[in-house]
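Note that the sequence shown covers residues 11 to 550 in our numbering. Yeah, the Cβ is synthetic: ideal placement off N, Cα and C, and Gly gets one too. A quick note: this is a predicted structure, and the numbers were derived from the prediction, not measured. Just below is one structure, and these are the notes that go with it.
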Amino acid sequence: MLGLLRKYKYIILLWVLILSYTIYFSYFTILRYQTLYASYFDLGIMHQTVFNTFRAITNVDPGRILELTDPFGVTQIKRMVIHNDILLAFLAPFYLISSSPATLLVIQTVILALGALAVFKITQSVFEKNRFKNLYSLLFSLSYLLYPSLQRGNIFDFHAVTLASTLLLFMFYFWLKKRYWLSFLFLTLGIFSKEQVALTTAFFGLYILYSSSFANVIPNLFRNLLPRKQQVLNQVQDDRLGGSRLRANDKNFAFLIIGTSIVWFVLSVFVIIPSFRGGDHFALARYRDFGETPINVILGVFAKPQVVARYLINTNVAQYFLFLLGPLGFLSILAPWEFLIALPELGINLLSNNPNTINIIYHYQAVILPFVFISAMYGARKISNFALRQAQGDGERSRTIKYQISNWIILYILAMTFLFAYLKGPLPFSREKEIHPFVYPQKEAKEAKIWAETLKNESLRISTTGQLSPLFTSRRYFYQFSKNYDLADYVALRLNEIYNYPEKDELILVYERLREDKDFQLIYKTENFEVYKKAQFKAL
């Protein structure tokens, strides 16, 4: 038994870490939602979309697939009006277990936690010839699970694109192992998580072309300087090991990836979203400094270098890279080709006039995260290989130096991981800890839960303020509290959301109108929580 434990100790420790992460963040995110710290943007929206898809399956009503109520209007729309993240539809069968927002939160946590397994496997491949590969693998897995941007994205409600972190890691791992169709499966799921992910996967295809072709140019030049006999022997050995065949397969796979990615991106941005929306993507407004249409924005990035420079050269960008690369000791800089696979997503974030895209507390870093870790692994390997070459030999002193080199690299990464986990992470030991759901639950949470149960009839049309909404969006028709509240059968409000939130100037006027509206009757009131019923609607 002890022998088995010693043999599999790294795998056992890995699964302990994964399980610990899963338990904590599942509990935390569910508690956050139940104590009214989640919101309509985006847990309420995502839950209504998946719930309607679930009902489309159970009630055989295809019209409800990926349907939700327009967050800024009153009509029923398809999710593709906002984003082409059709991966949401694949989550609907899990609602057979529980048709609650908690299901999405647990799914998100579990999938993100399993990304540590992909990190472990990739690290083992990268450090395949290093005797400390298991230790490096466990270290990078721990760094992944403590990575502030990962944890922050996990607790910021729910987004399909957040799952891309794990999906793209497995995509890369299965490519390393030359299991192309599994790699392609994870790539496909990844691009289904949001339309622009396909740009990053296209760059992944370019990276494969580089690694299978151009990366071999210089070695091949030197090979040609060898005697003819040695060249033949090397070629025979290369063929015996399958090198030529593997490179050919890699090239074919790269072209498949690039083609699929470009086709999906073009279809998403130029066909699917405009056809459902009746116009261009809403996010184009974030890039108006470069153009008004998708094509003009792309061309504008190249035609307006001074505008690009204005976006890139500022302290916010420096801080962004500090918290993006710092947790892994900036090792990604040493492996630029692996890191630049994420260049399209970096460009989307850095050139946006929405400052949230370069804030690591949101989900915008999910597509970049895999390549921060992959490049950091290759960067650490470069340092390790360089240092080990300086300590050649089999003597005692040489072995001691090799151990010391590995220890210093490991301690450095570990120190940076915990430093940034403390500076920017949400865990209870962190400087910016997120503990409000534990110690400051919203006092209206119990009342909201009771009323959500009372009004659980899916045929009811409900309107609520933002942080109540995740409890009430298990229905086809839901309206965020606005001037269109009169479409609802019941209206539930938290008054502090009306008087204290950024939209207060508009919401206060709407609330005062509701109080005077003879078509609605106040049926429940406490200090900060009120419920109204449409007068002609029969009470439940």
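DSSP state of Glu444 mapped onto helix, strand, coil: coil
field: Those residues which DSSP pairs with Thr79 across a bridge
entry: Gln86
query: Since Gly200 contacts Ala174 with CB under 8 Å, what's their CB separation in whole angstroms?
result: 5 Å
task: Give me the Cβ distance between Phe196 and Leu219, rounded to the nearest whole Å; I'm assuming they're in contact under 8 Å.
output: Not confirmed; about 19 Å, so no contact.
- prompt: Could you give the distance in angstroms between the alpha-carbon of Val194 and the alpha-carbon of Ala128?
  reply: Per the sequence presented here, residue 194 reads as Phe, with Val not at that position. Each residue's Cα considered, the two are about 15 Å apart.
query: What residue does the alpha helix (DSSP H) around Ile40 start on, and which one ends it?
result: 19 to 44
query: Quick check: the region 389 to 399 against the region 136 to 143, are there 3 or more CB pairs under 8 Å?
result: yes
- request: Excluding the 5 residues preceding and the 5 following Leu433 in the sequence, name in chain order all residues of the same chain whose CB lies nearer than 7 Å to its CB.
  value: Arg441
task: Report the option in Gly339, Gly310, Arg471 whose CA atom is closest to the CA atom of Tyr388.
output: Gly339
- request: Determine the extent of the alpha helix (DSSP H) in which Lys493 is found, giving its start and end residues.
  value: Taken as a continuous stretch (DSSP letters only), Lys493 belongs to no alpha helix (DSSP H), as it is neither H nor E.
query: Leu101 and Val60: beta carbons closer than 8 Å?
result: yes
Stretch pair the region 479 to 499 + the region 454 to 464: three plus CB contacts closer than 8 Å: yes
query: For Glu540, which beta-bridge partners are listed by DSSP?
result: Leu503, Lys535
field: Residue of Leu149, Phe168, Arg141, Lys143 minimising C-alpha distance to Val120
entry: Phe168
- request: Would you mind working out which of Trp185, Arg320, Tyr297 sits nearest Lys261, comparing C-alpha positions?
  value: Trp185
query: DSSP state of Ile508, grouped into three classes?
result: helix
- prompt: Does DSSP put Ser473 in a helix, in a strand, or in coil?
  reply: strand
Selected residue, minimal CA-CA separation from Asn326, among Ser36, Gly301, Ile370: Ile370
- prompt: Is the CB-CB distance between Tyr542 and Val501 below 8 Å?
  reply: yes
message: Please state the DSSP three-state secondary structure of Phe166.
response: coil
- prompt: Opposite Phe488 in the DSSP bridges: which residues?
  reply: Ile472
- prompt: When the Cα of Gly357 is compared with those of Ala345, Leu341, Ile378, which residue comes out closest?
  reply: Ile378
- prompt: Between Thr427 and Val207, what straight-line distance do the alpha-carbon atoms span, to the nearest angstrom?
  reply: 27 Å
- prompt: To the nearest whole angstrom, what separates the beta carbons of Leu172 and Phe150, a pair I think is in contact under 8 Å?
  reply: The sequence given here places Thr at residue 172; Leu does not occur at that position. The Cβ separation is near 20 Å, so there is no contact.
- prompt: How do the region 107 to 118 and the region 30 to 47 stand: do at least 3 beta-carbon pairs fall below 8 Å, yes or no?
  reply: yes
query: Quick one: Cα of Tyr487 to Cα of Leu478, how far?
result: 15 Å
task: State the beta-bridge partners of Phe530 as determined by DSSP.
output: Lys544
- request: Express the C-alpha separation of Phe166 and Ala376 in angstroms, rounding to a whole number.
  value: 12 Å
query: Run through DSSP, which three-state label would Tyr388 get?
result: helix
CB contact flag (Leu155, Leu27, <8 Å): yes
message: Less than 8 Å between the beta carbons of Ile5 and Phe213, yes or no?
response: As shown, the chain starts at 11 and ends at 550. That puts residue 5 outside it, with no answer to give.
The alpha helix (DSSP H) enclosing Glu355, as first and last residue numbers: 353 to 360
Exposure label - Gln490; buried when at least 16 CB within 10 Å: buried
message: Which residue wins for smallest C-alpha separation from Phe448, given the options Ile323, Asn506, Leu46, Thr68?
response: Leu46
Selected residue, minimal CA-CA separation from Ile305, among Gly289, Phe280, Lys314, Asn324: Phe280
message: Quick check: Phe292 and Met90, are their CB atoms within less than 8 Å of each other?
response: no
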